[in-house]
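Read through the structure below, which is laid out as structure tokens, and then see the notes.
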Amino acid sequence: MTISESVQPEVPADAAASAASAIESVPVHHAPPRAAHFPPIADLAFLSDGEVAALIAPTGNVEWLCLPSFDSPSVFGTLLDRGAGRFRVGPSGMTVPAGRRYVLASMVAETTWMTSSGLLMVRDALTLGPWRAETRMRGQRRPPGDTQAEHVLLRTIKCVHGAVEVIVDCEPMFDYGRVSARWSYEGTGYHSATARADDGSLTLGLTTSLRLGIEGGRATARARLRESERAFVALTWGGGVAPETVDEAFATVDATSGRWRQWVGSGRFPDHPWRAHLHRSALTLKALTYSPTGAVAAAPTTSLPRVPGGDRN
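Below you can see the structure in the form of structure tokens.
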């Protein structure tokens, strides 16, 4: 005797007929299709260079990035719609990381994945460099500081152990997902490409040490990295210059984290168990400050529409 048979109660014939009739009279409601997965806002890493902000999901995807300033329309907007532009760097076939952190006292995010074949580490930064502007910049109101946004989202990749297949998937969608990108190769190789909006309002550059392929509005790359092998991907805009070598890319990320630490080191913080949290709060406020004017954005999603079709957007 099966378990289901042993616990099945005996139902009178008239009761069964009545129940069947009642069931038939109840309208059938089909379950709604499962919504696409949106990560909680608390799981997103926050990057900034004092002019723009990026939110990075645990999957390695850029969920939100508006260019060329905090309040511009989005280029990557999967925070709103899973089809509104994406830029993922990570292992193939895996989206859940083994660990995530900010590099000590900086706005550089580090994500690690442990796959069945190896360990992969990706560091993401909106890079900062020394002040290089030789002519006055439009919109600059504050006295120029020692650092300057380089207009580069730099993503470095390192296989720490074993071997890992890495994928790069960059599909920008301009104007809050309403305008697709048109990609074209730059130079004679497969390491650099340019994406333009149809109206010519914004041009993006994508440079990588991997080999790029172009599929419609997407630029993709796939490679198998072995232990100690490294790579990088750089998204540029507004005159930003991508690194030329892997060594230069890793050095640039290290320099950016060092500049954030230098800023934190100039502050006065109590010797307290919560000192690291105070550092993070100060870094967040600094990262929300639009450096040319000193204005503080309410949130990294400051350009998110307040009300669909509203007057205050």
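Residue numbers (numbering that gives the first Met the number 0): 0 to 312.
Beta carbons: idealized from backbone N, C-alpha and C, even for Gly.
As the structure is a computational prediction, the values presented were derived from the model and not from experiment.
Apply the 10 Å Cβ neighbour rule to residue i and answer buried if 16 or more other Cβ atoms are within range, or exposed otherwise.
i, result
"F86", "buried"
"A14", "The pLDDT assigned to A14 is 41, lower than 50, so where the model puts this residue is not dependable, and the model offers no usable value."
"D246", "exposed"
"W273", "exposed"
"H271", "exposed"
"P242", "buried"
"P143", "exposed"
"A21", "Unreliable positioning characterises A21 in this predicted model, as indicated by a pLDDT of 37, which lies under 50. The coordinate reading is nonetheless provided below. Exposed."
"S265", "exposed"
"V295", "exposed"
"P39", "exposed"
"S290", "buried"
"P299", "buried"
Let me make sure I understand the geometry here. Which of the options has the alpha-carbon closest to that of residue i?
i, options, result
"E226", "A162, L79 and M93", "A162"
"T114", "R223, E170 and D168", "R223"
"H278", "W259, Y289, V295 and S290", "W259"
"R100", "W236, G59 and P299", "G59"
"L201", "W262, G188, G238 and R217", "G238"
"V306", "A53, A56 and L79", "L79"
"G117", "H190, E228 and P67", "E228"
"E149", "G138, T251 and V121", "T251"
"L127", "R267, G89 and T146", "T146"
"R122", "R221, A56 and G138", "A56"
On the premise that residue j lies in contact with residue i, defined as a C-beta separation below 8 angstroms, what is that separation, rounded to the nearest angstrom?
i, j, result
"D70", "T301", "6 angstroms"
"G293", "R135", "No, G293 and R135 are not in contact; Cβ-Cβ is about 17 angstroms, not under 8 angstroms."
"A124", "L203", "With a Cβ gap of about 17 angstroms, A124 and L203 do not count as contacting."
"V88", "L66", "Contact doesn't hold; Cβ gap of about 18 angstroms is too wide."
_Inter-stretch contact (C-beta, 8 angstroms, three-pair minimum) for the stretch 203-211 and the stretch 226-240_ = yes
*Can you give, in chain order, each stretch of the beta strand (DSSP E) that sits fully within the stretch 167-220 and has at least 3 residues?*
178-184, 191-196, 202-207 and 212-214
*Counting pairs of beta carbons, one from the stretch 183-202 and one from the stretch 102-116, are three or more of them closer than 8 angstroms?*
no
*asked:* Can you confirm whether the stretch 163-173 touches the stretch 61-78 when touching is taken to mean that 3 or more C-beta pairs between the two stretches lie within less than 8 angstroms?
replied: yes
*Counting Cβ pairs, one atom from each stretch, are 3 or more of them under 8 angstroms apart for the stretch 173-190 and the stretch 80-95?*
yes
_Quick test of the definition: if touching needs 3 or more C-beta pairs under 8 angstroms, does the stretch 93-105 touch the stretch 176-188?_
no
_Would the stretch 150-158 count as touching the stretch 281-293 if we require 3 or more Cβ pairs under 8 angstroms?_
no
_Stretch pair the stretch 247-262 + the stretch 86-100: three plus CB contacts closer than 8 angstroms_ = no
_Just to confirm the assignment: which complete beta strand (DSSP E) runs, minimum length 3, are found wholly within the stretch 55-92?_
61-65, 73-75 and 85-90
_Going residue by residue through the stretch 271-303, where are the continuous alpha helix (DSSP H) segments of at least 4 residues, counting only ones entirely within it?_
274-286
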